[in-house]
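Below: one structure, written as structure tokens.
4 protein chains.
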Amino acid sequence: MYVVLKPDLDPEAQNRFIDELKNAHLEVVALPGLDRRAFALVGPPHAAERFASHPYVEELIRDEAPYKRVARALHPHDTLVSIGSLTVGGDAFVVIGGPCAVETPEQMQTIASQIRAAGAHGLRGGAYKPRSSPYSFQGHGIQGLVMLSDAGSRYGLPVVSEIMDAQDLPHLAAHVQALQVGARNMQNFSLLKTVGSQTLPVILKRGLSATLEELLLAAEYIVNAGNDQVILCERGIRTFETATRNTLDLNAVAWLKNKTHLPVLVDPSHGTGLAELVPPLSKAALAVGADGLLIEVHPDPTHAWSDGRQSLTPEAFSRLMRELRSLAEVIGRHMP
Amino acid sequence: MYVVLKPDLDPEAQNRFIDELKNAHLEVVALPGLDRRAFALVGPPHAAERFASHPYVEELIRDEAPYKRVARALHPHDTLVSIGSLTVGGDAFVVIGGPCAVETPEQMQTIASQIRAAGAHGLRGGAYKPRSSPYSFQGHGIQGLVMLSDAGSRYGLPVVSEIMDAQDLPHLAAHVQALQVGARNMQNFSLLKTVGSQTLPVILKRGLSATLEELLLAAEYIVNAGNDQVILCERGIRTFETATRNTLDLNAVAWLKNKTHLPVLVDPSHGTGLAELVPPLSKAALAVGADGLLIEVHPDPTHAWSDGRQSLTPEAFSRLMRELRSLAEVIGRHMP
Amino acid sequence: MYVVLKPDLDPEAQNRFIDELKNAHLEVVALPGLDRRAFALVGPPHAAERFASHPYVEELIRDEAPYKRVARALHPHDTLVSIGSLTVGGDAFVVIGGPCAVETPEQMQTIASQIRAAGAHGLRGGAYKPRSSPYSFQGHGIQGLVMLSDAGSRYGLPVVSEIMDAQDLPHLAAHVQALQVGARNMQNFSLLKTVGSQTLPVILKRGLSATLEELLLAAEYIVNAGNDQVILCERGIRTFETATRNTLDLNAVAWLKNKTHLPVLVDPSHGTGLAELVPPLSKAALAVGADGLLIEVHPDPTHAWSDGRQSLTPEAFSRLMRELRSLAEVIGRHMP
Amino acid sequence: MYVVLKPDLDPEAQNRFIDELKNAHLEVVALPGLDRRAFALVGPPHAAERFASHPYVEELIRDEAPYKRVARALHPHDTLVSIGSLTVGGDAFVVIGGPCAVETPEQMQTIASQIRAAGAHGLRGGAYKPRSSPYSFQGHGIQGLVMLSDAGSRYGLPVVSEIMDAQDLPHLAAHVQALQVGARNMQNFSLLKTVGSQTLPVILKRGLSATLEELLLAAEYIVNAGNDQVILCERGIRTFETATRNTLDLNAVAWLKNKTHLPVLVDPSHGTGLAELVPPLSKAALAVGADGLLIEVHPDPTHAWSDGRQSLTPEAFSRLMRELRSLAEVIGRHMP
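Protein sequence lines, in the order shown, are assigned to chains A, B, C and D.
My numbering applies: residue 48 is where the first sequence begins, and numbers increase by one.
My numbering applies: residue 48 is where the second sequence begins, and numbers increase by one.
My numbering applies: residue 48 is where the third sequence begins, and numbers increase by one.
My numbering applies: residue 48 is where the fourth sequence begins, and numbers increase by one.
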């Protein structure tokens with residue numbers, strides 16, 4: 048529920064009206080930066096309904112699931128998000144590479160060195176791993192964060208890692224330049240509020256069966272909690288098709304770029320599950336208008352501790368980077 | 048990865064072998080209660096692979112995503128779960144009713160009184176509400192838990208409520224007899240470990256696009272953390288169909304009853320999203336072999352603060368309970 | 048597009064108005080049996096739009112995809128469909144059994160004899176088989192129809208078989224009492240018009256990813272072409288779940304029984320793909336309000352030429368029939 | 048089932064063996080052009096199984112649903128398909144434009160003239176329209192074909208139109224240079240055999256919920272019936288997402304290009320359902336490796352008789368063609 052006040056209302060009258068709303072057990076959330084005098088009303092719908100014909104009210108919007116703070120309609124300019132020295136959004140196209148899981152210090156140094164040489168802009172690696180089975184490798188935790196940040200700082204790459212639990216935030220904050228919220232936690236609303244209440248940028252991955260509206264509302268949770276440094280990431284949805292691990296939804300990227308001012312990345316590794324499909328889908332993501340890529344790279348994919356089937360070798364990654372650079376130029380995108 | 052040891056291995060040899068595994072950077076998880084000498088090996092697959100032809104090893108099982116502790120194959124007898132004085136599982140068929148959200152003390156008293164009169168076995172109500180939009184009503188929190196437990200204890204109904212955040216556990220533990228993990232948190236592995244480390248029974252709802260194997264693995268997380276009082280709940284999956292809110296998957300119930308010893312409930316309210324479909328699907332759930340139902344009931348559905356469209360009136364609920372009782376008798380199920 | 052005329056319009060004025068519509072390149076389809084003066088308008092939307100404010104028009108309904116002839120709202124009474132001497136619909140609950148494919152005369156005689164003894168009401172068997180691969184067994188064609196009808200007439204069971212091609216209609220008409228349109232042909236609109244222009248009853252199976260509205264519109268094609276003897280059949284939809292062959296959608300049955308006057312069968316064999324799930328889902332189908340079942344039965348499932356994994360043995364079928372009879376009594380359904 | 052004969056078998060022995068197979072009620076289908084001595088065996092699996100250890104048999108392949116004639120593994124070179132003077136496949140990238148439905152001669156002339164000026168390579172338009180509702184505009188039939196072919200021949204554009212019924216083949220053959228089999232008929236196996244028994248090239252669209260294996264098997268039906276001039280077309284699949292009409296699956300294009308030698312087109316109009324998403328997804332399709340596009344163009348989309356919401360204006364189409372040309376150059380594709 049949203050209430051839009053009449054345009055010529057004086058501040059005092061407005062305050063009185065807000066008090067009336069609160070007395071009716073409604074929480075009144077200001078939506079700063081909007082042109083109209085709009086407030087979200089949180090509480091029972093029938094309580095709000097009583098104000099529909101109030102003399103101060105221009106319109107009561109009975110929209111069930113709307114996003115406001117992330118809407119391009121209300122904020123036309125692209126949001127730029129800073130991950131360390133890296134800027135995501137605008138006319139830049141950035142590539143963040145790295146292994147699914149942080150395995151060993153040597154592995155991280157090798158990968159960081161190789162993707163840096165290939166021109167990557169950031170380093171990723173999981174220290175806390177969401178795994179379907181409790182018996183699968185769950186990540187090295189804090190030690191993994193150290194391996195990751197050491198490799199990143201040695202090769203001048205800002206690093207990104209996943210947060211699964213609010214408790215781990217201090218450790219992550221000490222070692223990474225951006226937090227990732229994984230697909231399985233996209234509607235873990237407590238975690239969204241947590242990452243919204245701190246200052247690191249957040250890469251929010253689309254849930255396996257989340258609609259685009261739900262993705263934008265999940266981002267709205269983070270922004271509403273105070274953190275506007277949010278990057279969305281399309282990583283494939285779950286469909287009936289079994290030839291690929293997921294179905295990468297590039298419609299989503301074009302649709303999101305129209306509807307929101309937040310940057311949108313694509314993860315073709317999870318989106319396809321097959322290393323040989325990663326290069327063509329990476330090029331498609333650039334062509335469709337994405338702001339960058341998250342790509343899994345491993346020096347020895349067949350011995351990766353997880354997700355080897357979808358990891359590029361450093362050689363394949365390097366070849367892809369060259370192809371992306373020549374494509375970006377024609378598309379009018381800048382690869383730093 | 049699982050390793051099954053040769054049957055005639057003496058304990059000392061077994062311990063030596065386990066040390067060898069640990070030296071190879073593998074975590075060795077005992078699976079007590081199993082007939083075979085089986086251990087889960089957590090760590091890089093290639094490390095485990097080296098033991099495939101070890102003289103003590105009968106078999107190395109390269110199963111990627113297997114559940115063990117929840118498998119009926121390994122524990123043929125039905126698990127009985129106690130929610131306060133209520134027993135779920137075995138030949139009982141139980142019905143837990145209540146509103147989507149706890150709204151007011153009066154509402155909870157009214158519903159508890161009416162569903163008790165209709166023969167319900169438990170009371171549900173959300174105090175912490177997962178909502179797609181940050182601007183929707185998020186539940187009354189602790190106050191809601193008090194309203195819920197007051198109504199439950201006055202009418203002799205054990206109560207169930209959803210946990211969204213590990214931080215809220217002390218409050219929930221003080222007021223409810225069972226925790227619910229919602230569909231959106233089915234793969235919030237931190238939360239699964241939390242509810243697995245305490246003693247209240249857990250109702251685990253299937254994720255919107257979770258496969259049945261993933262559901263069983265999520266339950267395995269809870270049991271593996273120490274809590275074997277787990278109840279599964281089918282609540283509809285997300286498909287292309289838009290005539291109903293979700294697609295209730297009753298195949299799942301019959302399949303789960305074959306594969307696991309845990310009780311299985313059905314939530315026809317979320318499974319259909321339409322109050323008029325709740326009674327026929329409730330009867331179908333009983334006929335297909337479910338151990339009980341979670342049903343949304345509201346004295347005034349059109350004014351419910353959430354999910355009114357799928358809530359039964361107390362009258363409709365009472366009528367349904369009578370029909371279920373006569374059906375249960377023919378099916379050979381006992382309704383306490 | 049539908050136009051509803053004003054109630055007090057005299058026949059002459061009405062005819063003049065219909066001529067006006069035709070002159071505007073609109074085809075005008077009468078919807079007899081409706082209480083309101085409603086006509087479907089076939090043609091370009093903007094042509095119809097011009098008549099929105101015509102003095103004779105009460106309402107122009109811009110509904111994009113509506114069904115009318117099959118709607119219960121317009122025809123409240125259940126349609127009864129006769130397959131030979133068998134009546135489907137009303138308070139009856141009927142079971143049609145038989146093999147996926149007609150294999151040999153002996154097979155058909157054996158099955159017919161056994162399901163008849165178990166109390167089945169009809170016999171099914173495929174003579175024209177839709178197979179994903181051109182190299183799979185495609186059915187015996189006319190010879191298969193002879194085997195099927197011989198077995199049916201010897202044991203007093205009306206027979207049902209699938210039509211894949213309008214060319215085969217004369218052969219089918221000579222041997223079967225009902226035509227089946229398979230899931231893959233649910234939107235083969237030419238075939239729908241063909242079966243709508245003859246007099247045998249039609250069992251229309253829901254497409255693998257057809258919405259319920261599309262299913263009703265496919266039925267509308269048949270009824271609109273002149274044949275109102277249509278039975279719908281839910282046979283499972285395609286979802287992400289792989290534990291079962293399809294996801295049987297029993298929501299669909301309850302929803303359809305509200306929206307249409309046509310009978311609704313359930314096919315739990317294709318709906319689950321697993322013989323052990325067929326009995327529980329059959330009982331659920333009865334409980335949810337279906338008018339009957341299509342069940343695959345084979346004397347030797349492991350040697351069936353197709354779909355053996357989902358076929359019941361005659362013994363299992365017989366056991367199921369006894370359980371259904373005792374259940375039907377409590378539900379208030381009559382099994383002939 | 049496939050049987051692979053020993054490599055050194057003399058022709059006489061081979062013939063004797065084939066007779067043996069036939070006597071066992073198996074149909075033996077030669078797969079010419081394959082390197083190995085492989086035959087598909089059509090009939091009951093257990094009949095074939097008996098030959099597993101026959102002295103002439105190298106291997107019996109129990110593959111349930113395999114494609115052979117369309118497999119790149121067996122025919123590494125790209126198939127080139129000729130639509131009139133246009134060649135599809137190889138390093139060419141072609142664009143076929145036109146309205147959803149043929150409406151009037153003027154409309155077709157206007158569109159043909161405009162897309163020709165923009166550099167399109169072919170003209171599309173529906174004369175027989177598959178529509179969910181029997182009351183929607185079903186196409187002009189033969190008259191529509193005349194309007195289409197007149198416009199095509201005047202502007203030197205080969206034309207493509209959909210076949211819905213084998214009966215219409217003579218009319219289509221008289222007016223079009225390629226037949227389209229629509230998504231709803233992808234598993235209308237009778238129609239596949241029909242279009243396989245004539246010589247016009249066939250554009251086969253992926254079914255709404257068809258797996259990629261099913262799509263290749265549908266193509267195998269056509270090729271097996273004698274027509275190897277087959278083009279596949281990805282046009283979006285049905286998923287839970289409702290923000291777009293379908294989910295365009297570009298993973299499918301990259302996967303298909305690896306697995307089959309047939310050309311693959313993309314239809315971003317149906318794949319998105321939204322005109323504003325057509326240009327970005329068209330560029331993505333080029334980048335991912337598609338061999339061309341099918342795009343809906345209408346001079347006045349808001350008054351189109353069908354699918355206006357997803358149709359480009361001629362101006363937008365012209366702009367897109369320019370962007371595609373500059374992109375094709377970098378990608379190494381040739382736009383004639």
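We treat Cβ as the ideally placed atom computed from N, Cα and C, and that holds for glycine.
Since the model is a prediction, treat every value here as computed from it, not as a measurement.
Of all residues in the stretch 281-299 of chain A, only R285, T286, F287, T289 place a beta-carbon less than 8 Å from a beta-carbon of chain C.
Taking CB atoms only, K304 (chain A) has a neighbour in chain D less than 9 Å away. Looking at the backbone, the Cα of D347 (chain A) and that of P205 (chain A) are separated by about 23 Å. The three-state reading of DSSP puts H218 (chain B) in helix, counting H, G and I together. A direct Cα-to-Cα measurement between P54 (chain D) and E105 (chain D) gives close to 8 Å.
F86 (chain D) and F287 (chain A) have their C-alpha atoms roughly 31 Å apart. Going by C-alpha positions, E59 (chain B) is about 23 Å away from I108 (chain B).
Closest in C-alpha terms to L226 (chain D), from the list D:G166, D:E370, D:Y103, D:C280, comes D:C280.
Beyond the five residues adjoining it in sequence on each side, T241 (chain D) comes within less than 7 Å, by CB distance, of A213, L216 in the same chain, given in chain order. Only residues of its own chain outside the window of five on either side were considered, and among them I284, R285 have a CB closer than 7 Å to the CB of S256 (chain D), listed in chain order.
CA-to-CA, the gap between H122 (chain B) and V141 (chain C) works out to about 38 Å. When DSSP states are grouped into helix, strand and coil, E288 (chain A) belongs to the coil group. For S256 (chain D), the closest Cβ of chain B is nearer than 9 Å. With contacts defined as CB atoms closer than 9 Å, P361 (chain A) and Q161 (chain A) qualify as a contacting pair.
When only Cα atoms are considered, T258 (chain A) and E74 (chain C) end up about 39 Å apart. Bridge pairing for Y49 (chain C): C:A87, C:I108 [DSSP]. In terms of beta-carbon proximity, K330 (chain A) lines the interface with chain D, with at least one pair separated by less than 9 Å. Rounded to the nearest whole angstrom, the CA to CA distance from L195 (chain B) to M233 (chain A) is 29 Å. Counting only runs that start and end inside the stretch 220-257 of chain D, the beta strand (DSSP E) elements of at least 3 residues fall at 225-228, 249-252. Runs of the alpha helix (DSSP H) lying entirely within the stretch 299-364 of chain C, each at least 4 residues long, are 315-319, 325-335 in chain order.
In this structure, L247 (chain D) lies near Q276 (chain D), with their beta-carbon atoms less than 9 Å apart. Around the beta-carbon of P102 (chain D), fewer than 16 other beta-carbon atoms lie within 10 Å, marking it exposed. E150 (chain B) sits in coil when the DSSP states are folded into three classes, being neither helix nor strand. Interface annotation, M211 (chain D): in contact with chain C, CB-CB separation under 9 Å.
S373 (chain A) reaches chain D at V377, counting residues in chain order whose Cβ is nearer than 8 Å.
Beyond the five residues adjoining it in sequence on each side, L297 (chain C) comes within less than 7 Å, by CB distance, of A331, A332, V335 in the same chain, given in chain order.
Each residue's CA atom was taken as its position, placing N274 (chain D) and A266 (chain D) some 10 Å apart.
DSSP places G188 (chain D) outside any alpha helix (DSSP H), giving it a letter other than H or E. When DSSP reads this structure, H72 (chain B) sits in no beta bridge, so it has no partner. Listed along chain D are P177, R231, each with a C-beta nearer than 7 Å to that of Q234 (chain C). Comparing alpha carbon positions, the residue from B:S179, B:G191, B:P310, B:T157 closest to R201 (chain B) is B:T157.
Taking 9 Å as the threshold, the shortest C-beta distance from T319 (chain D) to chain A falls below it. For P152 (chain B), same chain residues with a beta-carbon under 8 Å away, outside a window of 5 residues either side, are M194, D197, A198 in chain order. For L170 (chain D), the enclosing beta strand (DSSP E) covers residues 169-171. Sequence-distant Cβ neighbours of L127 (chain D) in its own chain, meaning closer than 8 Å and more than five residues away, are T134, V135, G136, G137, P310. The three-state secondary structure of G145 (chain B), taken from DSSP, is strand.
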